[in-house]
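Chemist: Here it is, the structure, as structure tokens.
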Amino acid sequence: MHAHRLTLAALLLLAPACADDEIPDDLGTRAEDDVLLIDSPILQHLAATLESGETLRVSDLFFAERLRFTAAPDPSELLAAQASEHAALPPLAEPATLKVLTYNTGLLNRWYPFTHVGVPRYLERRAEAPARLLADGWDVLFLQETWELVDVERFAAEAKRQGYAIYAGSEEKHAQHGLVILVREALIGEAKQEFGEEQYAAQREIELFPGPGIKRGLIRWSFTHAPTGRRIHLYATHLTAFPELWQERDVQARVLGGRAKSHADGDVVLVGGDFNAGPYYPEDRFGSTGEEVLSGWWHNAMMYPLMLHYGGLYDSRSALQPAADVTRMHQLLLPFEFGPYRDEPLAGRCATIPADTFTGTDCNSLYFSQYGATEYPARLDYVFIRDVERHVRVVSTALEYTEPLDFGAAGSFELSDHYGQSATLQIE
Numbered sequence: 036m037h038a039h040r041l042t043l044a045a046l047l048l049l050a051p052a053c054a055d056d057e058i059p060d061d062l063g064t065r066a067e068d069d070v071l072l073i074d075s076p077i078l079q080h081l082a083a084t085l086e087s088g089e090t091l092r093v094s095d096l097f098f099a100e101r102l103r104f105t106a107a108p109d110p111s112e113l114l115a116a117q118a119s120e121h122a123a124l125p126p127l128a129e130p131a132t133l134k135v136l137t138y139n140t141g142l143l144n145r146w147y148p149f150t151h152v153g154v155p156r157y158l159e160r161r162a163e164a165p166a167r168l169l170a171d172g173w174d175v176l177f178l179q180e181t182w183e184l185v186d187v188e189r190f191a192a193e194a195k196r197q198g199y200a201i202y203a204g205s206e207e208k209h210a211q212h213g214l215v216i217l218v219r220e221a222l223i224g225e226a227k228q229e230f231g232e233e234q235y236a237a238q239r240e241i242e243l244f245p246g247p248g249i250k251r252g253l254i255r256w257s258f259t260h261a262p263t264g265r266r267i268h269l270y271a272t273h274l275t276a277f278p279e280l281w282q283e284r285d286v287q288a289r290v291l292g293g294r295a296k297s298h299a300d301g302d303v304v305l306v307g308g309d310f311n312a313g314p315y316y317p318e319d320r321f322g323s324t325g326e327e328v329l330s331g332w333w334h335n336a337m338m339y340p341l342m343l344h345y346g347g348l349y350d351s352r353s354a355l356q357p358a359a360d361v362t363r364m365h366q367l368l369l370p371f372e373f374g375p376y377r378d379e380p381l382a383g384r385c386a387t388i389p390a391d392t393f394t395g396t397d398c399n400s401l402y403f404s405q406y407g408a409t410e411y412p413a414r415l416d417y418v419f420i421r422d423v424e425r426h427v428r429v430v431s432t433a434l435e436y437t438e439p440l441d442f443g444a445a446g447s448f449e450l451s452d453h454y455g456q457s458a459t460l461q462i463e
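Be aware that the sequence shown starts at 36, since it is given in our numbering, and climbs by one per residue.
Printed below as a string of structure tokens:
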């Protein structure tokens, strides 16, 4: 979830004391905090583009005054390394298939002081989303922005019809984090299930009050996979939005990574969600409110390696071949000019941009109507995997729900302002 930038400006006037710079209280207590960037294959590309990068440690990345980027952090080698490592794995003997989807449903419609924030066509899409998503054969679904309890109830009713179990956290906190996990009931073994719900300490506080009642968090569901007997831990999350709020987002990624890494090495951990930051931004300046070009995008590229570093995770999208974030940015984007980008999605270039990389993009009509010309297209939605003992293989990945749908008299538009990200896995 984003919020309209004019809304944020109005809220700043209401709450000038709300600070955005969050430093973890326990920073320095984990071994991962003390790693030199140049000593980590995951983080070396950050060191290469930061002043004094050869001396910086991971803990330094949480302090704005220590970070002076001189060029775009380029994760190409990191993306390629994940593909190479996965390609070297031997085939599994008797695997079971697990089809996973993470999807920001964009079901936001709230009023708060001075303004309203919502994703267009909310009413039509909320009526359609549960049946469409649960009829498509997914085994595990991570959903974000299913904010209202009435929408949870809609998904719960459809889940019962389609043979899914559902977890959305507590009624009190759900409306603040908007997260839902669904699992096909036949896959849940008889062993004890465990559930968890947590709200991050680092927050954009005015999102909760006087804003639209949002407090970022995670939910967890642990169960034994009936076909294999393997213990699986599922985490759904939705990190803080906007490039200028990179510190909150990175602190949240550190917490989530720590939770993912806390499980036994023989277990499988799947993390799905809207992380609100891409792995790569070619220029530090892109997008505008109409007043000035926005800057600070390079800081946003830190979230991706921090998730891998703290969580011991890999990116399912880069398992079979390196994800195309870098290539697509350079092939398809024109230098930013507010007028052309405002008048046509990505300055009229959507017809030449394959829908295979960016999950948040002006080429989505709902996204464009809210955020057109205000920010980079990017891969915001991920399925991350922790699989220390190599019980998982990625079979395929794809963007899902990219095409407009026919909503009758309401017209033709997408199911959400985000595209979904899927990963088909084998597990033993």
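Virtual Cβ for every residue (Gly too), placed ideally from N, Cα, C. Everything numeric in this text was worked out from a predicted model, so none of it was measured.
May I ask you to list the residues that DSSP assigns as paired with GLU112?
Modeler: Bridge partners of GLU112: none, in fact.
Chemist: So the candidates are PRO125, LEU78, GLN79 and VAL286; which of them puts its Cα closest to the Cα of PHE310?
Modeler: Comparing Cα positions, the closest option is VAL286.
Chemist: Which partner residues does ASP416 have in the DSSP bridge list?
Modeler: ASP309.
Chemist: Looking at PHE230 and ARG255, is the spacing between their C-beta atoms short of 8 Å?
Modeler: Yes, they are a contact pair.
Chemist: Tell me, please, whether the segment 340–348 touches the segment 216–225 by the rule of three or more beta-carbon pairs shorter than 8 Å.
Modeler: With a cut-off of 8 Å, the segment 216–225 and the segment 340–348 do not count as touching, because too few Cβ pairs lie within range.
Chemist: Count the other CB atoms within 10 Å of the CB of TRP146; is the residue buried (16 or more) or exposed (fewer)?
Modeler: It is exposed - the Cβ of TRP146 has fewer than 16 other Cβ atoms within 10 Å.
Chemist: Just curious, the alpha helix (DSSP H) that LYS195 is in, first and last residue?
Modeler: LYS195 -> alpha helix (DSSP H) spans 184–197.
Chemist: Which runs of the alpha helix (DSSP H) at least 4 residues long sit entirely within the segment 109–175? Give them in chain order.
Modeler: The qualifying runs are 111–122 and 157–169.
Chemist: Are the segment 295–312 and the segment 421–428 touching, with three or more C-beta to C-beta distances below 8 Å?
Modeler: Yes: the two stretches touch, three or more of their Cβ pairs being nearer than 8 Å.
Chemist: Cutting at 8 Å between CB atoms, please list the residues of its own chain near ASP68, excluding the five before and the five after it.
Modeler: Answer for ASP68: LEU62, ARG92, VAL93 and SER94, listed in chain order.
Chemist: What is the rounded straight-line gap between the Cα of ARG101 and the Cα of TYR436?
Modeler: Rounded to the nearest angstrom, the two C-alpha atoms are 41 Å apart.
Chemist: Could you give the DSSP three-state label for ARG377: helix, strand or coil?
Modeler: In the structure shown, ARG377 sits in a helix (DSSP, three-state: H, G or I).
Chemist: Would you call the CB atoms of VAL427 and THR459 closer than 8 Å?
Modeler: Their beta carbons are not under 8 Å apart, which means VAL427 does not touch THR459 by this criterion.
Chemist: Considering only residues of the same chain and omitting the five flanking positions on each side of VAL328, which have a CB-CB separation below 6 Å?
Modeler: Contacts found: ARG320.
Chemist: Taking just the CA atoms, how far does PRO110 sit from ALA116?
Modeler: Approximately 10 Å, taken between the alpha carbons.
Chemist: Within its chain, find whatever has a CB closer than 6 Å to the CB of LEU269; leave out the 5 residues flanking it on each side and keep chain order.
Modeler: Closer than 6 Å at Cβ, skipping near neighbours: ILE216, TRP256 and LEU305.
Chemist: Return the first residue and the last residue of the alpha helix (DSSP H) that GLU283 is part of.
Modeler: Start and end: 281–296.
Chemist: To which residues of the same chain is GLN356 closer than 7 Å at the C-beta, ignoring the five residues directly before and after it?
Modeler: The residues are ALA118.
Chemist: Starting from GLU206, trace the alpha helix (DSSP H) both ways and give me its first and last residue.
Modeler: From DSSP, the alpha helix (DSSP H) with GLU206 extends over 206–212.
Chemist: Which residues does DSSP list as the beta-bridge partners of GLU384?
Modeler: The displayed chain sequence assigns Arg, not Glu, to residue 384. Per DSSP, none; premise fails for ARG384.
Chemist: Strictly by DSSP, which residues pair up with TYR345?
Modeler: Partner(s): none; TYR345 has no beta bridge.
Chemist: Give the straight-line distance between the Cα atoms of CYS53 and GLY248, rounded to the nearest whole angstrom.
Modeler: Below a pLDDT of 50, predicted positions are generally treated as unreliable, and CYS53, at 42, falls in that range; no measurement from the model is reported.
Chemist: Check whether the Cβ atoms of THR396 and PRO412 lie closer than 8 Å to each other.
Modeler: Yes, the pair counts as a contact, with Cβ atoms nearer than the cut-off.
Chemist: Quick one: any contact between the segment 170–186 and the segment 133–146, if contact means 3 or more CB pairs under 8 Å?
Modeler: Contact between the segment 170–186 and the segment 133–146 is present, because at least three Cβ pairs lie under 8 Å.
Chemist: Less than 8 Å between the beta carbons of GLU163 and LEU450, yes or no?
Modeler: Result yes, Cβ atoms of GLU163 and LEU450 sit closer than 8 Å.
Chemist: According to DSSP, is ARG320 part of a helix, a strand, or is it coil?
Modeler: Of the three classes helix, strand and coil, the one that applies to ARG320 here is strand, per DSSP.
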